[in-house]
Amino acid sequence: MPNSYQPDLSAFVWERPGTLVHLTHDVQIHVVERGTRKPGTPTVVLLHGKLGSVYDYLLTPVVDLLAVNWHVLVIDRPGCGYSTVPAGFRLSLGQQAHLLACLFEHLNIHKPIIVGHSLGASLALTLVVQYPNLTSACVLLAPYAFPGSGPRHARIGNMLKLPFIGEPLLEVARLGIRAASDKMFPAVFAPGEMPESYPYYARAVVLQPAPFRADMTTILSADTTLHAIAPRYHTVQQPVAIVVGDADQTATVVKQALPLRNVLPDARLVVLPNVGHMVQFAAPQVVVTAVQAVSVAQQPVDLAARARYMRHSA
């Protein structure tokens, strides 16, 4: 379903839109807060994917739609976007989950609903497996849940640790992605259209040296973490909604969403026709409906009556 919400980034993308929360003297988590806390209503926490930031949600209607009924926190994953960690601090998904748990305690956030996109969904799964009582529900958008090329990634990750080799390799990769961003990013949105300003935002924020370096250490170690937690997915007791596009070539329905739905005890799967990897851009209202569904999971919810989507039970 088309989305025409494409604001001009040029006026504000250079500014940090939220607040830096100091967890320690050298770890700061960037948080954008919307909506107001309401008694009995959980906070919704939005986690972006790889090579992303809070703008992967702020550039869609999702945040404003959610803020009507929920208290919303949009978070730059540790080390990514405007969040900061010490130079050389290598962040696995497990370490990011620990820092999020510390952040929730610091902000007095109790039992939030976690919405994670792509690698952010990997982080959400890590969080619910490692901290089973910390969250109330999850919405996983185009999730990367099962490891793919783990050994290769592990070898690359080990190379990045080598003195005099790792940093130059990372810089070459960063500059290469920056140079190719005008062609690379449209493929992630396909078959939908990419907002015209998206590559400019990416170059200005996520492809800067520090966040790129931090995110790559997480990306290259992700398969190791997923190998460890995937056998425990069946222990997840929270209600989970999985939203994925049938045209997603990054985290496909067959290899990721469907087997994840089959192993989670309480999961709904929503498959969107003619939608690629950037689900929140293509179908923001479905994302909001999925949050509503898991927030009232004790009651039957007819998603079909609330949003336009295709649900596959196969």
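Numbering (the working numbering), first residue to last: 427 to 740.
Glycine included, each C-beta is placed from N, C-alpha and C at the ideal position.
### Task
Could you spell out where the alpha helix (DSSP H) holding Ala628 opens and where it closes?
Translated into the one-based positions of the sequence shown, residue 628 becomes position 202. Residues 624-630.
### Task
Give a yes or no on whether the C-beta atoms belonging to Leu499 and Glu459 are separated by under 7 angstroms.
To locate residue 499, count along the sequence shown from 1; it is residue 73. To locate residue 459, count along the sequence shown from 1; it is residue 33. Between Leu499 and Glu459, the C-beta gap is smaller than 7 angstroms, which places the two residues in contact.
### Query
Three-state secondary structure (DSSP) at Gly520?
Against the sequence shown, residue 520 aligns to sequence position 94. Helix.
### Task
Quick one: give me the first and last residue of the beta strand (DSSP E) that Gly671 is part of.
Locating residue 671 in the sequence shown gives position 245, where the first residue counts as 1. Run containing Gly671: 666-671, per the beta strand (DSSP E) assignment.
### First and last residue of the uninterrupted alpha helix (DSSP H) at Arg639
Against the sequence shown, residue 639 aligns to sequence position 213. Its alpha helix (DSSP H) spans residues 635-655.
### Message
Using a Cβ-Cβ cutoff of less than 7 angstroms, which residues in the same chain neighbour His660 once the five nearest sequence positions on both sides are dropped?
### Response
Residue mapping note: residue 660 aligns to position 234 of the sequence shown, counting from 1. Same-chain partners within the cutoff: Val689, Pro691.
### Proximal residues to Leu449 (C-beta, below 8 angstroms), its chain only, five neighbours per side dropped
As a working note, residue 449 is residue 23 in the sequence shown. Ile455, Leu525, Cys528, Leu529, His532.
### Message
Below 8 angstroms, how does it come out for the stretch 636-650 and the stretch 500-520: are there three or more Cβ pairs, yes or no?
### Response
yes
### Query
Would a C-beta distance cut-off of 7 angstroms place Pro538 and Thr469 closer than the cut-off?
Here residue 538 is taken as the residue at index 112 of the sequence shown, counted from 1. Here residue 469 is taken as the residue at index 43 of the sequence shown, counted from 1. Yes, they are a contact pair.
### Query
Is it buried or exposed for Gln664, if we count other Cβ within 10 angstroms and need 16 for buried?
Position 238 of the sequence shown, counting from 1, holds the residue named residue 664. Under this definition Gln664 is a buried residue.
### Message
Restricting to Cα atoms, I'd like to know which of Pro512, Pro625, Pro569 is closest to Ile540.
### Response
Numbered from 1 along the sequence shown, position 114 holds the residue referred to as residue 540. Nearest C-alpha to Ile540: Pro569.
### Query
Just how far apart, CA to CA, sit Ser562 and Thr467?
Numbered from 1 along the sequence shown, position 136 holds the residue referred to as residue 562. Numbered from 1 along the sequence shown, position 41 holds the residue referred to as residue 467. Near 11 angstroms, if we compare the C-alpha coordinates of Thr467 and Ser562.
### Task
Could you pull the start and end residues of the beta strand (DSSP E) that Leu499 belongs to?
Your numbering for residue 499 matches position 73 in the sequence shown. Residues 498-501.
### Task
Look at the Cβ atom of Val670, then the Cβ atom of Ala716, and state whether they are nearer than 7 angstroms.
Reading the sequence shown from its first residue, position 244 is the one you call residue 670. Reading the sequence shown from its first residue, position 290 is the one you call residue 716. Cβ atoms of Val670 and Ala716: not closer than 7 angstroms.
### Message
Just list the residues that DSSP pairs Arg460 with in beta bridges.
### Response
Your numbering for residue 460 matches position 34 in the sequence shown. Answer is Val498, bridged to Arg460.
### Query
Hey, how far is the Cα of Pro512 from the Cα of Ala636?
As a working mapping, residue 512 is identified with position 86 in the sequence shown. As a working mapping, residue 636 is identified with position 210 in the sequence shown. Each residue's alpha carbon lies about 9 angstroms from the other.
### Task
Note the first and the last residue of the continuous beta strand (DSSP E) segment covering Thr486.
Counting from 1 along the sequence shown, the entry for residue 486 is found at position 60. Segment: none, Thr486 is in no beta strand (DSSP E) and carries neither H nor E.
### Cβ-based burial, Lys476 [other Cβ within 10 Å; buried from 16]
For the purposes of this step, residue 476 is taken as the residue at position 50 of the sequence shown. With 16 or more Cβ atoms within 10 Å of its Cβ, Lys476 is classed as buried.
### Message
Given a cut-off of 7 angstroms on the beta-carbon distance, is the pair Ser548 and Gly507 in contact?
### Response
The residue you call residue 548 lines up with position 122 of the sequence shown. The residue you call residue 507 lines up with position 81 of the sequence shown. Contact: no.
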